[in-house]
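Quick mapping for you: the protein sequence lines, in order, are chains Z and V. Numbered according to the numbering used here, the first sequence terminates at residue 740, and the numbering increases by one at each position without gaps. Numbered according to the numbering used here, the second sequence terminates at residue 309, and the numbering increases by one at each position without gaps. Here's the structure we're looking at; comments come further down.
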Amino acid sequence: MAKNVTDEETRAERREELIRGRPYEILRALRSALREIVSDRVGLFGVGVVGALVILAIFAPLIAPKDPAAQDLTDALKPPFWYADGDFANALGTDSLGRDILSRMIYGTRITILVGVSVVAVSGAFGTVMGLIAGYKGGRTDSIIMRVVDTQVAFPGLLLALVILAVIQPSATTVIVVLALNGWMVYARMTRGVVLSVRETPYVDAAEIVGCKPKRIIFRHILPNLTSPLLTLAVLEFARIILAESALSFLGLGIQPPQVSWGLMIAQGKDYLFSAWWLVTFPGVAISLTVLGVNLLASWLRVVADPQEREKRFAQSSTHQTGAGTGT
Amino acid sequence: MGRFAIRRIAQGLIVILGVTVVVFVVTRLVGDPVDVLLPLEATEEQRAEFERLLGFDRPIPVQFADYLGDVARGDFGESIWQQRPAMEIVFEHLPRTFQLVFPAMALMVVLAVPLGVLAALRPGRLSDRVTVVLSIAGLSIPQFWLGLLLIIVFAVELQWLPPLGFGSFRNLILPMVTLALPAVGRLAMIVRSSMIDELNQQYVKMATAKGLPYSRVVAVHALRNAGIPALTLTGWETIRALAGYSVIVETVFQWPGLGFLAIQSIERQDLILLQAIVFVVAVMVVLINVLVDILYKAIDPRIQLA
């Protein structure tokens, strides 16, 4: 009895200490995370771009100077502000209907994120499940699934996507569906590879011998190995999807007006190449910078999220610092 | 080697069949082809009549069997838009796409291989930086935007080249460069990394120790081994160009090839023509894949492909 009371007291004391000490620990963890991000300038650019994208998308109504759909035909085709007849109200100029380019670009981030996240979620979920089944079950199921994957990979998707979009009315939803159908295979292949390699490890072997059900093995042992490569792959796919959506919207088979997409803006500006170059240029810069940033984020994540890669980088940096070794 | 070739061709036929099935399913089941083909004011009787005429009221498997039979005979029906046999139209446009894609791929190889080799030989110097920057740019810049930018710079501002159209060599330059440039970045990176791998191998050190001039070692021995991944990527890029990017580039420059035809037939809802185009593209893709694989095996007999 006396022992239990003392235990409780100690536990209460320790809990209090933990709570008192927490803020400091949290701050320290944050600071070191921040230092890590900032020290890798390439990664910083990637994080910055994606962060800006998210902020712009969420706070678009507050940040954008004008309503992206507001037409003002008297102000049509105004050049950017550094021209004589441009002004700061429409900093990047206006399009043929007098809509502000900058505001439309800011609102375009919403579609970019919506389509990107949706496609990654759907194709990632489906592909990962397929890969898990193929890798874990093996045998006939495995070869059937992989046969389907290989067949679909062999044929570049744009043409099939075009056919599908030709028959269905294009919209944001159909774009998401078509791009997801096009993109699940890479998740399946990767997941299957990881599952196959993890299954050979002693700890999974032991778990199977002890009698763990497959569900437990998958969730407790296999899945944690998947998080890091899956995350990196998802981010890379996000970049590819931004490009794909903008290409589809440019062809008129993607996002439809009155919604705003950067690819659509370029298509709308295409007819004014000779008179109003800014209609085409700025949305394209937005696409390029975003895709570049996301790609850099992916390569930063690849190192940061994978403990083995972190060790490699740590080893490299320490040899640089001490100036040791045979040099690179 | 023969068995291998036969197996690859069989796999290729499966891909073609798969594509045909998908296109058929999409055009029949997903959308309603009759809605697509008839004007909006058509009455119920007219719709029923039209369905019977085109055979759309028969059960789907019967339609599919019929379709396969037609395809086997090479009959792809008449284009709704131009009232001519669809294949005829496709074969008119196909050579023009070849005239764009093949020079572009040649340009890609001519630019990328020396760049990649130089980058591997001089790490950290100019060619290396250029390769990396070009490859990253190729990853991030949308191809249609690159084409439009080139038009703005070269056709609008400088007025050196015509912005679009088809006919002379001057019309070819901008679309060709637009197709080639992103691929140059990717191919140069592959050449660079495989050259770096090869140059670190034992046999290179052995050859230089033996007394061979370094240029010969690089050009004859290392390059040959590094060529295999490069060949694979070239084949892959050609396929992507033919089956995907040509659609975009041809639309931007109004180049009257197969990709442009595809977009036009989509705009006019001409599903019959679209089916023919997709089939031809599928056959091309499979042919190139099989060709690359056979070349692969011919170059390096050690390779065991699944």
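All C-beta atoms in this analysis are idealised placements derived from N, C-alpha and C, irrespective of residue type, glycine included.
Could you give the C-beta distance for Leu-660 of chain Z and Val-587 of chain Z, rounded to a whole number, given that I count them as a contact under 8 Å? For this step, residue 660 of chain Z is matched to residue 248 along the first sequence. For this step, residue 587 of chain Z is matched to residue 175 along the first sequence. Between Leu-660 of chain Z and Val-587 of chain Z the beta-carbon gap is near 6 Å, inside 8 Å, which marks them as a contact.
Secondary structure of Pro-435 of chain Z, DSSP reduced to three states: Taking the first sequence and counting its residues from 1, the one referred to as residue 435 of chain Z is at position 23. It is helical.
Supposed close pair Met-517 of chain Z, Phe-694 of chain Z - CB separation, criterion 8 Å: Here residue 517 of chain Z refers to the residue found at position 105 when the first sequence is read from its first residue. Here residue 694 of chain Z refers to the residue found at position 282 when the first sequence is read from its first residue. Beta-carbon to beta-carbon, Met-517 of chain Z and Phe-694 of chain Z are separated by about 6 Å, close enough to satisfy the 8 Å threshold.
What residues are listed by DSSP as bridge partners for Thr-506 of chain Z? As a first step, residue 506 of chain Z is located in the first sequence; it is residue number 94 there, counting from the start. Paired residue(s): Z:Asp-512.
Under 9 Å between the Cβ atoms of Thr-112 of chain V and Val-283 of chain V? Residue numbering aside, residue 112 of chain V sits at position 109 when the second sequence is read from its first letter. Residue numbering aside, residue 283 of chain V sits at position 280 when the second sequence is read from its first letter. For the record, residue 112 of chain V in the displayed sequence is Val; it is not Thr. No, Cβ-Cβ distance for Val-112 of chain V and Val-283 of chain V is not below 9 Å.
Close Cβ partners of Thr-738 of chain Z (< 8 Å) along its chain, the five nearest in sequence each way excluded: Indexing the first sequence from 1 puts residue 738 of chain Z at position 326. Low local confidence applies: a pLDDT of 43 at Thr-738 of chain Z is under 50, so the model's placement there is unreliable, and no value is given.
Reference Gly-696 of chain Z, options V:Ile-17, V:Ile-144, V:His-96, V:Arg-128, closest by Cα: On the first sequence, position 284 is the one that residue 696 of chain Z refers to. Scanning V:Ile-17, V:Ile-144, V:His-96, V:Arg-128 for the CA closest to the CA of Gly-696 of chain Z turns up V:Ile-144.
Inter-stretch contact at 8 Å, needing at least 3 Cβ pairs: the segment 184–195 of chain V / the segment 139–155 of chain V: As far as the Cβ criterion goes, the segment 184–195 of chain V touches the segment 139–155 of chain V, which means the pair count is three or higher.
Name the one or two DSSP bridge partners that Glu-91 of chain V has. Counting from 1 along the second sequence, the entry for residue 91 of chain V is found at position 88. In the DSSP secondary-structure assignment, Glu-91 of chain V is not bridged to any residue.
Note down, in chain order, all residues in the segment 130–160 of chain V with a beta-carbon under 9 Å from any beta-carbon belonging to chain Z. Correct list: Ile-139, Ala-140, Leu-142, Ser-143, Ile-144, Pro-145, Gln-146, Phe-147, Trp-148, Leu-149, Leu-151, Leu-152, Ile-154, Ile-155, Ala-158, Val-159, Glu-160.
Evaluate the contact criterion for the segment 676–692 of chain Z versus the segment 14–23 of chain V: three or more CB pairs, one atom per stretch, below 8 Å. The segment 676–692 of chain Z and the segment 14–23 of chain V do not touch, with fewer than 3 CB-CB distances between them shorter than 8 Å.
If you run the structure through DSSP and keep just helix, strand and coil, what is Glu-81 of chain V? Taking the first residue of the second sequence as 1, we reach residue 81 of chain V at position 78. In the structure shown, Glu-81 of chain V sits in a strand (DSSP, three-state: E or B).
To which residues of the same chain is Pro-614 of chain Z closer than 6 Å at the C-beta, ignoring the five residues directly before and after it? Within the first sequence, residue 614 of chain Z is the residue found at index 202, counting from 1. None.
Less than 9 Å between CB atoms is the rule here; does Asn-292 of chain V satisfy it with respect to chain Z? What you label residue 292 of chain V is simply residue 289 of the second sequence in a count that begins at 1. For Asn-292 of chain V, the nearest CB of chain Z lies under 9 Å from its own CB, placing it at the interface with that chain.
Residue range of the alpha helix (DSSP H) that Phe-493 of chain Z falls in? Residue mapping note: residue 493 of chain Z aligns to position 81 of the first sequence, counting from 1. Note, Phe-493 of chain Z: premise wrong, no alpha helix (DSSP H); not H, not E.
Minimum C-alpha distance to Leu-485 of chain Z - residue among Z:His-633, Z:Thr-506, Z:Trp-690: The residue given as residue 485 of chain Z occupies position 73 in the first sequence. Minimum Cα distance to Leu-485 of chain Z is reached at Z:Thr-506.
Look at the Cβ atom of Gly-455 of chain Z, then the Cβ atom of Asn-707 of chain Z, and state whether they are nearer than 9 Å. Here the question's residue 455 of chain Z lines up with position 43 in the first sequence. Here the question's residue 707 of chain Z lines up with position 295 in the first sequence. Against a cut-off of 9 Å, the Cβ pair of Asn-707 of chain Z and Gly-455 of chain Z comes out as no contact.
Tell me the start and end of each unbroken alpha helix (DSSP H) in the segment 111–188 of chain V that is at least 4 residues and wholly inside, in chain order. Listed in chain order, the complete alpha helix (DSSP H) runs (minimum 4 residues) inside the segment 111–188 of chain V are 129–143, 146–153.
Examine chain Z for any beta-carbon lying closer than 9 Å to the beta-carbon of Val-288 of chain V, and answer yes or no. Taking the first residue of the second sequence as position 1, residue 288 of chain V is located at position 285. Cβ-Cβ to chain Z under 9 Å: yes for Val-288 of chain V.
Determine which residues of the segment 232–249 of chain V have a Cβ less than 7 Å from any Cβ of chain Z, and write them out in chain order. Residues Ile-242, Arg-243, Ala-246, Gly-247.
Within 10 angstroms of the Cβ of Ile-467 of chain Z, are there 16 or more other Cβ atoms? Answer buried if so, exposed if not. Your numbering for residue 467 of chain Z matches position 55 in the first sequence. Ile-467 of chain Z is exposed by the Cβ-count criterion.
Using a Cβ-Cβ cut-off of less than 7 Å, list which residues of the segment 535–566 of chain Z approach chain V; keep chain order. Identification of residues in the segment 535–566 of chain Z having a C-beta nearer than 7 Å to some C-beta of chain V yields Thr-563, Ala-566, given in sequence order.
Report yes or no: is there a C-beta of chain V within less than 9 Å of the C-beta of Leu-663 of chain Z? Translated into the one-based positions of the first sequence, residue 663 of chain Z becomes position 251. Yes, because at least one Cβ of chain V sits closer than 9 Å to the Cβ of Leu-663 of chain Z.
Taking C-alpha atoms, which residue in V:Ala-210, V:Ala-229, V:Ile-266, V:Leu-245 lies nearest to Pro-98 of chain V? On the second sequence, position 95 is the one that residue 98 of chain V refers to. Closest option to Pro-98 of chain V, Cα to Cα, is V:Leu-245.
Near Phe-157 of chain V, what residues of its chain come up, given a Cβ to Cβ distance below 7 Å and the 5 sequence neighbours on each side ignored? Translated into the one-based positions of the second sequence, residue 157 of chain V becomes position 154. Closer than 7 Å at Cβ, skipping near neighbours: Trp-163, Leu-164, Leu-177.
Under 8 Å, with one C-beta from each stretch per pair, do the segment 532–545 of chain Z and the segment 488–495 of chain Z reach the 3-pair mark? Between the segment 532–545 of chain Z and the segment 488–495 of chain Z, the count of C-beta pairs closer than 8 Å stays below three; the two stretches do not touch.
Contacting residues, own chain, Cβ-Cβ under 8 Å from Ile-275 of chain V (five flanking each side not counted): Walking along the second sequence from the start, residue 275 of chain V turns up at place 272. So the list reads Phe-79, Gly-80, Glu-81, Ser-82, Ile-83, Ala-89, once near-sequence residues are dropped.
With 9 Å as the threshold, decide whether the Cβ of Thr-23 of chain V is near any Cβ in chain Z. Along the second sequence, one-based indexing puts residue 23 of chain V at 20. Chain Z contact via Cβ: absent.
Pairwise C-alpha distance: Ala-225 of chain V and Arg-443 of chain Z: Working through the first sequence from its first residue, we reach residue 443 of chain Z at position 31. Working through the second sequence from its first residue, we reach residue 225 of chain V at position 222. Approximately 48 Å, taken between the alpha carbons.
Report the residue from Z:Gly-666, Z:Leu-648, Z:Trp-674 whose alpha carbon sits nearest the alpha carbon of Val-692 of chain Z. For the purposes of this step, residue 692 of chain Z is taken as the residue at position 280 of the first sequence. Taking only the C-alpha atoms, the option nearest Val-692 of chain Z is Z:Trp-674.
Just mark Lys-208 of chain V as buried or exposed, buried being the case when its beta carbon has 16 or more other beta carbons within 10 Å. For this step, residue 208 of chain V is matched to residue 205 along the second sequence. That one is exposed.
Where the alpha helix (DSSP H) containing Pro-582 of chain Z begins and where it ends: Within the first sequence, residue 582 of chain Z is the residue found at index 170, counting from 1. Where Pro-582 of chain Z is concerned, there is no enclosing alpha helix (DSSP H), given that its DSSP letter is neither H nor E.
Using beta carbons (cut-off 9 Å, strictly below), is Ala-659 of chain Z in contact with chain V? For the purposes of this step, residue 659 of chain Z is taken as residue 247 along the first sequence, with counting starting at 1. Among the residues facing chain V, Ala-659 of chain Z is included, as its CB has a counterpart in that chain under 9 Å away.
Sort V:His-96, V:Ile-269, V:Met-287 by Cα distance to Ile-317 of chain V and report the nearest one. The question about residue 317 of chain V has no answer here: the residues shown for chain V are numbered 4 through 309.
If you follow the alpha helix (DSSP H) that Gln-680 of chain Z is in, where does it begin and where does it stop? Reading the first sequence from its first residue, position 268 is the one you call residue 680 of chain Z. Counting along the chain, the alpha helix (DSSP H) containing Gln-680 of chain Z begins and ends at 674–681.
Check each candidate in V:Glu-270, V:Ile-297, V:Leu-261 and name the one with the smallest Cα separation from Phe-285 of chain V. Taking the second sequence and counting its residues from 1, one reaches residue 285 of chain V at position 282. One point to set straight first is that residue 285 of chain V is Ala, not Phe, in the sequence displayed. Out of V:Glu-270, V:Ile-297, V:Leu-261, the CA that lies nearest to the CA of Ala-285 of chain V is found in V:Leu-261.
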